[in-house]
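Chains as they are written, first to last, in our numbering: chain A, 751 to 1037; chain B, 999 to 1279.
Here is the structure we will look at, set down as structure tokens.
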């Protein structure tokens, strides 16, 4: 009796193991491209792993950059840690092993600089804020004014998250203008139903149709979500230009490789990819 | 059946050879090993918890506690966890009883299903709840038509907590029922007791330790619940911001407030778990 019961159990475990192995094989953050004959630009051939701590809004663009970077630097493996910038800086301050830090705002980068943990940061990209609504538009929102309608469900990021802070700045500007006014600002704030921990969570709720509107970065309207959400542009005079600084971490064990990566991001190679994903390039191509 | 026979034989052997239980462990290697392992484990659990307590002076903790954000989070956590534990008990007792007492096709699948929320990453549980009860969800879309939306409400918090915590209660209660001798119930029935009377006056008192332990586990799990709550219910002070979410957000900007909240959570959990343990006697 016991032997008969063991065989199905063992086979199920083996099946699960195979499934996990198959899934695990496909989920690396860098893809090993089989490029022929491109000579690497770095001198050292020793395999290097770089821990890149990057803001959540950089997910798609940095993943695309990783593919290109691997071609030029086959010995370098990029390991990404994408999260809210406020979390990343806390992690670095508490000793997490990072080689590069790319923040979504200068405030969090300043925290790292003040703690003496990073080299001089450089702004590598800029981003704008936008309002997104689900494709089905359950809240009947056609313009920015509709955000103040009673009962609309607006999801934003928490004030500690860069995009949350920028959203509040945009509303502040609108509140100070004659076009919208302070009543508008308080009405919109009264419609906040959730303050998420990172910008991707905001997009998720809009995408699922839970929120009537969300305040996110322009770049968060990726190809993956483009057909599930619609944009309501915020005019430039109210918008906030988010500055993204990047710096190498002083305690990095791969300082040269880290510096190479930062240089690549600042160069035309990196800037082209960033622009493709909706960022505003800084025009500081240092290649 | 095998277990009780084994127990009996050990007891018999002990009695016959006249060695008391404590005397069987006089060999010092065994004692030393047990002592070392146990001490290491207790230190591993105890030191991090103590470090929370000694980080701040009590006065600092007290002043942080009086912030409205903190009080709101505490109140919300206490209310929602009580409700979710109650829900787990009311709905979980029948499930536990059925799984313990009856045999039917697909029983093993059901048992696995009930245990599944414990192995799911909490955020996955939250996404699942959102896909079901969200405005565009499988069931949620119909609820939305009659004007009921669940996400971003306190009800969503209770649902998320129940989803992840109830399995703990069910499994504990099931174990309790399983080891209760059926002859007690059968005796009650021969004395013309109704099934309800038997359940509430005979069975439940006898499985009280398992139930209390299950309530403790379930309550503790729902108190610490974060991922499913923030995904399904969101985060808004007063409505959906429970203590774990408040701690997490505070830890990113105001570590002192986070520690104060953590200390309170610790104290409340410790108190309740202790009370449940004492109640078992």
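All C-beta atoms in this analysis are idealised placements derived from N, C-alpha and C, irrespective of residue type, glycine included.
The structure displayed is predicted, hence computed values, not measured ones.
Do you know whose CA, among the options, lies nearest residue i's CA?
{"i": "residue 799/A", "options": "1007/A, 1015/A and 1028/A", "result": "1007/A"}
{"i": "residue 1252/B", "options": "994/A, 832/A, 837/A and 879/A", "result": "837/A"}
{"i": "residue 964/A", "options": "986/A, 897/A, 928/A and 1013/A", "result": "897/A"}
{"i": "residue 939/A", "options": "996/A, 918/A, 866/A and 801/A", "result": "918/A"}
{"i": "residue 825/A", "options": "833/A, 831/A, 816/A and 832/A", "result": "816/A"}
{"i": "residue 1162/B", "options": "1123/B, 1055/B and 1137/B", "result": "1123/B"}
{"i": "residue 931/A", "options": "952/A, 894/A, 986/A and 974/A", "result": "894/A"}
{"i": "residue 1216/B", "options": "1201/B, 1178/B, 1160/B and 1149/B", "result": "1160/B"}
{"i": "residue 1206/B", "options": "1179/B, 1174/B, 1225/B and 1035/B", "result": "1174/B"}
{"i": "residue 982/A", "options": "996/A, 991/A, 966/A and 972/A", "result": "966/A"}
{"i": "residue 1280/B", "options": "1004/B, 1087/B, 1039/B and 1075/B", "result": "With chain B represented from 999 up to 1279, any question about residue 1280/B goes unanswered, as that position is not in the structure."}
{"i": "residue 1092/B", "options": "1198/B, 1226/B, 1227/B and 1260/B", "result": "1198/B"}
{"i": "residue 1118/A", "options": "764/A, 807/A and 818/A", "result": "A query on residue 1118/A cannot be resolved here, the shown segment of chain A reaching from 751 to 1037 and no further."}
{"i": "residue 829/A", "options": "926/A, 887/A and 814/A", "result": "814/A"}
{"i": "residue 978/A", "options": "928/A, 822/A, 801/A and 887/A", "result": "887/A"}
{"i": "residue 1213/B", "options": "1066/B, 1081/B, 1063/B and 1260/B", "result": "1081/B"}
{"i": "residue 980/A", "options": "920/A, 804/A, 1010/A and 892/A", "result": "892/A"}
{"i": "residue 863/A", "options": "840/A, 833/A, 1009/A and 988/A", "result": "840/A"}
{"i": "residue 1255/B", "options": "1026/B, 1050/B, 1032/B and 1025/B", "result": "1050/B"}
{"i": "residue 1098/B", "options": "1172/B, 1225/B, 1264/B and 1249/B", "result": "1172/B"}
{"i": "residue 1054/B", "options": "1179/B, 1262/B and 1128/B", "result": "1262/B"}
{"i": "residue 1145/B", "options": "1131/B, 1155/B, 1157/B and 1156/B", "result": "1131/B"}
{"i": "residue 1280/B", "options": "1219/B, 1187/B, 1222/B and 1152/B", "result": "The structure shown does not extend to residue 1280/B, since chain B is modelled only from 999 through 1279, so no value can be given for it."}
{"i": "residue 991/A", "options": "915/A, 885/A and 950/A", "result": "915/A"}
{"i": "residue 1202/B", "options": "1187/B, 1224/B, 1189/B and 1178/B", "result": "1178/B"}
{"i": "residue 961/A", "options": "884/A, 873/A and 913/A", "result": "884/A"}
{"i": "residue 954/A", "options": "941/A, 805/A and 972/A", "result": "972/A"}
{"i": "residue 873/A", "options": "852/A, 881/A and 882/A", "result": "852/A"}
{"i": "residue 846/A", "options": "810/A, 865/A, 803/A and 796/A", "result": "803/A"}
{"i": "residue 801/A", "options": "1002/A, 1024/A and 1010/A", "result": "1002/A"}
{"i": "residue 1167/B", "options": "1070/B, 1030/B, 1269/B and 1084/B", "result": "1084/B"}
{"i": "residue 1044/A", "options": "969/A, 1023/A, 867/A and 861/A", "result": "It is not possible to answer for residue 1044/A, since the shown part of chain A is limited to 751 through 1037."}
{"i": "residue 1282/B", "options": "1164/B, 1270/B, 1129/B and 1245/B", "result": "As displayed, chain B neither begins before 999 nor continues past 1279, which places residue 1282/B out of reach and without an answer."}
So which residues of chain B does residue i contact, with C-beta pairs closer than 7 Å?
{"i": "residue 903/A", "result": "1150"}
{"i": "residue 842/A", "result": "None at all; the shortest Cβ gap to chain B is about 13 Å."}
{"i": "residue 1008/A", "result": "In chain order: nothing, as chain B lies at least about 25 Å away."}
{"i": "residue 910/A", "result": "1247, 1250 and 1251"}
Listing by chain order, which chain B residues have their CB less than 8 Å from the CB of residue i?
{"i": "residue 837/A", "result": "1250"}
{"i": "residue 806/A", "result": "Correct list: empty, because the minimum Cβ distance to chain B is about 13 Å."}
{"i": "residue 846/A", "result": "Those within 8 Å of residue 846/A in chain B number zero; the least Cβ separation is about 14 Å."}
Cβ closer than 7 Å: which chain A residues qualify as neighbours of residue i?
{"i": "residue 1133/B", "result": "888, 959 and 960"}
Please find out if some non-hydrogen atom of the ligand NAP comes closer than 7 Å to the beta-carbon of residue i.
{"i": "residue 1025/A", "result": "Only the bare structure without any ligand can be found here, which leaves the ligand NAP out of the picture."}
In chain A, which residues lie less than 8 Å from residue i when you measure between Cβ atoms?
{"i": "residue 1288/B", "result": "What is shown of chain B runs 999 to 1279, which leaves residue 1288/B out entirely."}
{"i": "residue 1233/B", "result": "908, 944, 945, 946 and 947"}
{"i": "residue 1228/B", "result": "946, 947 and 951"}
Which chain B residues are close to residue i, counting only those with a beta carbon under 9 Å from its beta carbon?
{"i": "residue 796/A", "result": "Neighbours of residue 796/A on chain B: none; closest Cβ ~36 Å, over 9 Å."}
Contact criterion: CB-CB distance below 8 Å. Does residue i meet it with respect to chain C?
{"i": "residue 1053/B", "result": "Going by chain labels, chain C is absent from the structure shown, which instead holds the protein chains A and B."}
Quiz prompt | Uninterrupted alpha helix (DSSP H) stretches inside the stretch 1063 to 1132 of chain B (no shorter than 4 residues) | solution = 1066 to 1099, 1105 to 1117 and 1120 to 1131
Quiz item: Any residues in the stretch 1029 to 1056 of chain B with a beta carbon nearer than 7 Å to a beta carbon of chain A? Which ones, in chain order?
Solution: none
Self-check item: 3 or more residues per run - each beta strand (DSSP E) lying fully within the stretch 933 to 983 of chain A
Solution: 942 to 946, 963 to 967 and 979 to 982
Quiz item: What are the residues of the stretch 944 to 959 of chain A that lie near chain B, defined by any Cβ-Cβ distance shorter than 9 Å?
Solution: 944, 945, 946, 947, 951, 954, 955, 958 and 959
Self-check item: Unbroken stretches of the beta strand (DSSP E), 3 residues or longer, contained in the stretch 980 to 1005 of chain A
Solution: 992 to 998
Quiz prompt | the stretch 1040 to 1057 of chain B contacting the stretch 1174 to 1186 of chain B, beta-carbon criterion three pairs below 8 Å | solution = no
Exercise. Starting from the N-terminal side, write out each stretch of the alpha helix (DSSP H) that is 4 residues or longer and does not extend beyond the stretch 815 to 875 of chain A.
Key: 835 to 843 and 856 to 864
Exercise. Return the residues of the stretch 879 to 906 of chain A that lie within a Cβ-Cβ distance of less than 9 Å from chain B, sorted by chain order.
Key: 884, 886, 888, 903 and 905
Quiz item: What are the residues of the stretch 920 to 941 of chain A that lie near chain B, defined by any Cβ-Cβ distance shorter than 8 Å?
Solution: none
Practice problem: Select from the stretch 1194 to 1208 of chain B all residues with a C-beta closer than 7 Å to any C-beta belonging to chain A, and list them in chain order. | Solution: none
Self-check item: Any 3 or more C-beta pairs closer than 8 Å across the stretch 994 to 1014 of chain A and the stretch 852 to 859 of chain A
Solution: yes
Quiz item: Mind pulling the alpha helix (DSSP H) runs of 4 or more residues that sit fully within the stretch 876 to 934 of chain A?
Solution: 912 to 926
Quiz prompt | Given 8 Å, three or more beta-carbon pairs between the stretch 1118 to 1137 of chain B and the stretch 1228 to 1240 of chain B | solution = yes
Quiz prompt | Given 8 Å, three or more beta-carbon pairs between the stretch 944 to 951 of chain A and the stretch 907 to 917 of chain A | solution = yes
Exercise. Using a Cβ-Cβ cut-off of less than 7 Å, give me the residues of the stretch 1108 to 1142 of chain B that come near chain A, in sequence order.
Key: 1128, 1132, 1133 and 1134
Quiz item: Can you find at least 3 beta carbon pairs, one from the stretch 1015 to 1030 of chain A and one from the stretch 873 to 883 of chain A, that sit closer than 8 Å?
Solution: yes
Quiz item: On the three-pair Cβ rule with 8 Å, is the stretch 1257 to 1276 of chain B touching the stretch 1057 to 1066 of chain B?
Solution: yes
Self-check item: Start-end ranges of the alpha helix (DSSP H) lying completely within the stretch 1165 to 1195 of chain B, minimum 4 residues
Solution: 1180 to 1188
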